[in-house]
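**Q** Residue numbers (my numbering), protein chains in the order written: chain R, 1428 to 1791; chain S, 59 to 314; chain Z, 54 to 130. Just so you know, even glycine gets a beta-carbon here, dropped at the ideal spot from N, CA and C.
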């Protein structure tokens, strides 16, 4: 594909193409609906013949995330992708990566749950993603794409953030974004780093101990409590820095708005349409779209909500991000939530009706 | 001739390898881990691979293997070492990549990772310390525990109706297409230690030559878990474990 | 007439008193002298009959802690 060419493809396919183009060293994954196109596309692209990228279908999601752990511990740009039940299996590996401070990327193309659930889209893993679904005090950087273009753009971004902070980074997508087809401009091909560049960028990695240094040990284990507290305080300091520097969000039509939608990912696309419909009906409403779900744009939400008459959080789950919105707004403005469950995707008209029922009509 | 005339550098015939550092090892007195660590360090040194080796340590008593052998290590989650090794070897093909795992790690929680990495023929070597018990956590039953053997979770002896049968995973490994070398050894006598070292060396060389995956099981003792002093534990192993876990090369297509 | 004479040096601080070396020695060279323990509290071993040592290194080979260095010299009688 020529550079800067506009092509039409699914979100899942865009992840695969972007991975090859951003110099990813390895992808280790397992099939699960609705994201199997990621590994299928990579398998068809045969990047091991072009860039030398490793693509391996692992025996489970458990194996996949541990392969990412191993590759990341060796300083390489490695990633995996899965969907909700598979990501649940990966929580152990993700926590180990956070504890060992490893830079890996993983994609969750969410589907309905809980448990085996359904193959239809949902946003039900917000808690799992932002609260850290594994054990202990940690966070992963969470990016929420809302378009196929963002699926393509966020792969390199996720890797850059992961390596900048030596922390796992997640692209929290869903079945709609994964399966829908849109125009996308794919990034130009970036070469994979050489072995020397890897060792230079990651002097902490376990790549074979040369005589000029002590052995490197990649581990999340520390049995001495004072040391373990130090490790945890270091992690917390890192997270504080990420919170300060890496918040990303988008606002639409908020300047003259009386009300606010807050929505991420595919729900934000629905909410965008709902803004149109509501304004046609005379309701002045805007949209606040968090792009990083962790770090959550707490101050920015609070600032935007200030002086508004009400906030409706639209998400395809039973109400998860609404907690973070309520924490940010801290009671200053009424906050209500709307969503559908079971993999049902709400219509924009439904969202407007909910807005009226819960906020605008109640305040007349 | 007195001792001082013999104890001279030029007369040294055996010492612990330098790669096995001076940190005192936390293993129980008489534990087989110490001997195998020594052999692994010797083989890496003899192959000149000190700067190009990555080891993956397990969850188990040997979780701290990284404290004793001065190479780069990754600490794995319980059972996951072969997956980690798979990625490292595929991404750094010129490195010697080996895992070091106990029986609970490799043959219980990690069964899937073990079988699939071996079956894919990843160019890695797996060193499998089998003492038929969960040592680190205090002596519970493992899938490798023998019928009649007593542990803290089968205090009246393992019985098939309640606990199922011992798992001979090395035999399964020898039947997988991806493996090129599968061997079972032990380290209780000088002769067996010499054979075990040869097996480890062959496994490491096979992985560097890209001949497939290797598994070297070391049938071992666990004095604490079995509640026996070391010499008695060796005897118990000889009389009971070797019958079910037969020693020797189960598969060797390496040509080495 | 030459014979082989050996000598061992035991790192008594590292020794855990597992006694596998005692079992392995073909010449009963190594053993415990009384109830002495090292600073880790282990009853360590040492060469109790050093003159009988032939430097076969059996003790050092079976030692799980790598405590023993073995020396060997051909001696003319």
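Is the beta carbon of residue 115 of chain S closer than 8 angstroms to that of residue 276 of chain S?
**A** No, the pair does not count as a contact, with Cβ atoms beyond the cut-off.
**Q** Is residue 289 of chain S close to chain Z? Criterion is C-beta to C-beta, closer than 8 angstroms.
**A** With 8 angstroms as the cut-off, residue 289 of chain S counts as an interface residue toward chain Z.
**Q** Within the same chain, show all residues whose beta-carbon is closer than 6 angstroms to that of residue 62 of chain Z, passing over the 5 residues directly before and after it, in chain order.
**A** Closer than 6 angstroms at the Cβ level, and outside the excluded window around residue 62 of chain Z, lie 122.
**Q** Kindly list the residues whose CB is nearer than 6 angstroms to the CB of residue 1779 of chain R, restricted to its own chain and excluding five residues on each side of it in sequence; keep chain order.
**A** Answer for residue 1779 of chain R: 1701, 1704 and 1705, listed in chain order.
**Q** Distance cutoff 8 angstroms, beta carbons only. Does residue 77 of chain S sit that close to anything in chain Z?
**A** With 8 angstroms as the cut-off, residue 77 of chain S does not count as an interface residue toward chain Z.
**Q** Quick check for students: name the residue ranges of the beta strand (DSSP E) that lie wholly in the stretch 1470-1495 of chain R, counting only runs of 3 or more.
**A** Runs of the beta strand (DSSP E) inside the stretch 1470-1495 of chain R: 1481-1484.
**Q** Closer than 8 angstroms, CB to CB, is residue 251 of chain S near chain Z or not?
**A** Chain Z, which has a Cβ nearer than 8 angstroms to the Cβ of residue 251 of chain S, makes this yes.
**Q** In three-state DSSP terms, what is residue 243 of chain S?
**A** Strand.
**Q** Can you grab the Cα-Cα spacing for the pair residue 104 of chain Z / residue 74 of chain S, in whole Å?
**A** Taking the straight line from one Cα to the other gives about 23 angstroms.
**Q** Between S/156, S/202 and S/198, which has its C-alpha nearest residue 169 of chain S's C-alpha?
**A** If we check each option's Cα against that of residue 169 of chain S, S/202 comes out closest.
**Q** Based on the DSSP secondary-structure assignment, which residues constitute the bridge partners of residue 64 of chain Z?
**A** DSSP output for residue 64 of chain Z lists no bridge partner at all.
**Q** Give me the chain S residues within the contact set of residue 1503 of chain R, using Cβ-Cβ distance strictly less than 7 angstroms, ordered along the chain.
**A** In chain order: 149.
**Q** With H, G and I counted as helix, E and B as strand and the rest as coil, what does DSSP make of residue 72 of chain S?
**A** Of the three classes helix, strand and coil, the one that applies to residue 72 of chain S here is strand, per DSSP.
**Q** May I ask you to report which of helix, strand or coil DSSP gives residue 271 of chain S?
**A** Of the three classes helix, strand and coil, the one that applies to residue 271 of chain S here is strand, per DSSP.
**Q** Can the beta-carbon of residue 1684 of chain R be found closer than 8 angstroms to that of residue 1690 of chain R?
**A** It is not a contact, given that the beta carbons lie outside the stated cut-off.
**Q** Helix or strand or just coil, what does DSSP make of residue 1769 of chain R?
**A** Correct three-state label for residue 1769 of chain R: coil.
**Q** Please report the straight-line C-alpha distance between residue 106 of chain S and residue 95 of chain S, rounded to a whole angstrom.
**A** Whole-angstrom Cα-Cα distance: 17 angstroms.
**Q** Between Z/99, Z/80, Z/95 and Z/92, which lies nearest to residue 86 of chain Z when the distance is taken from Cα to Cα?
**A** The shortest Cα separation from residue 86 of chain Z among Z/99, Z/80, Z/95 and Z/92 belongs to Z/99.
**Q** Would you report the Cα separation of residue 1665 of chain R and residue 92 of chain S, rounded to the nearest angstrom?
**A** Spanning the two alpha carbons is a distance of roughly 38 angstroms.
**Q** Are the stretch 1510-1520 of chain R and the stretch 1444-1459 of chain R in contact at 8 angstroms, needing three or more beta carbon pairs?
**A** Because the criterion of three Cβ pairs below 8 angstroms is met, the stretch 1510-1520 of chain R and the stretch 1444-1459 of chain R touch.
**Q** Over the uninterrupted beta strand (DSSP E) stretch that includes residue 133 of chain S, give me the two end residues.
**A** Here the beta strand (DSSP E) through residue 133 of chain S covers 130-133.
**Q** Got a sec: which bits of the stretch 60-71 of chain S sit with their beta carbon under 8 angstroms from any beta carbon on chain A, in order along the chain?
**A** The structure shown contains no chain A; its protein chains are R, S and Z.
**Q** Who does residue 198 of chain S pair with in a DSSP beta bridge?
**A** Answer is S/192, bridged to residue 198 of chain S.
**Q** CA-CA distance, residue 79 of chain S and residue 66 of chain Z?
**A** Their backbone Cα atoms lie some 14 angstroms apart in a straight line.
**Q** Looking only at its own chain, which residues have a Cβ that is under 8 angstroms from the Cβ of residue 103 of chain S, when we skip the five neighbours before and after it?
**A** Counting only Cβ-Cβ distances below 8 angstroms, and skipping sequence neighbours, we find 75, 76 and 77.
**Q** Rounded to whole angstroms, what's the CA-CA distance from residue 1735 of chain R to residue 1554 of chain R? Just pull it up for me.
**A** So the two alpha carbons sit approximately 26 angstroms from each other.
**Q** Taking the alpha-carbon of residue 1717 of chain R as reference, which of R/1711, R/1694, R/1707 and R/1710 has the nearest alpha-carbon?
**A** When only C-alpha atoms are compared, the closest one is R/1694.
**Q** Would a check of beta-carbon distances place residue 74 of chain Z closer than 8 angstroms to chain S?
**A** No, its Cβ sits nowhere closer than 8 angstroms to a Cβ of chain S.
**Q** Using three-state DSSP, classify residue 1534 of chain R as helix, strand or coil.
**A** Note: residue 1534 of chain R maps to strand in three-state DSSP.
**Q** Would you check if the stretch 1523-1539 of chain R and the stretch 147-162 of chain S touch, i.e. whether three or more CB-CB distances between them fall below 8 angstroms?
**A** No, because fewer than three Cβ pairs between the stretch 147-162 of chain S and the stretch 1523-1539 of chain R fall closer than 8 angstroms, the two stretches do not touch.
**Q** Listed from N- to C-terminal order along the chain, which residues in the stretch 139-168 of chain S have their beta-carbon within a distance smaller than 7 angstroms of any beta-carbon of chain R?
**A** So the close ones are 141, 142, 143, 144, 145, 146, 148, 149, 150 and 153.
**Q** Can a CB atom of chain R be found closer than 8 angstroms to the CB of residue 111 of chain S?
**A** True, the Cβ-Cβ gap to chain R drops below 8 angstroms.
**Q** Is the separation between the beta-carbon of residue 221 of chain S and that of residue 194 of chain S shorter than 8 angstroms?
**A** No, Cβ-Cβ distance for residue 221 of chain S and residue 194 of chain S is not below 8 angstroms.
**Q** By DSSP, does residue 279 of chain S sit in helix, in strand, or in coil?
**A** DSSP places residue 279 of chain S in coil when its eight states are reduced to three.
**Q** Inspect the CB distances between the stretch 1602-1610 of chain R and the stretch 1667-1684 of chain R and report whether three or more fall short of 8 angstroms.
**A** These segments do not touch.
**Q** Verify the CB distance criterion: does residue 130 of chain S have a CB-CB separation below 8 angstroms to chain R?
**A** So, interface residue.
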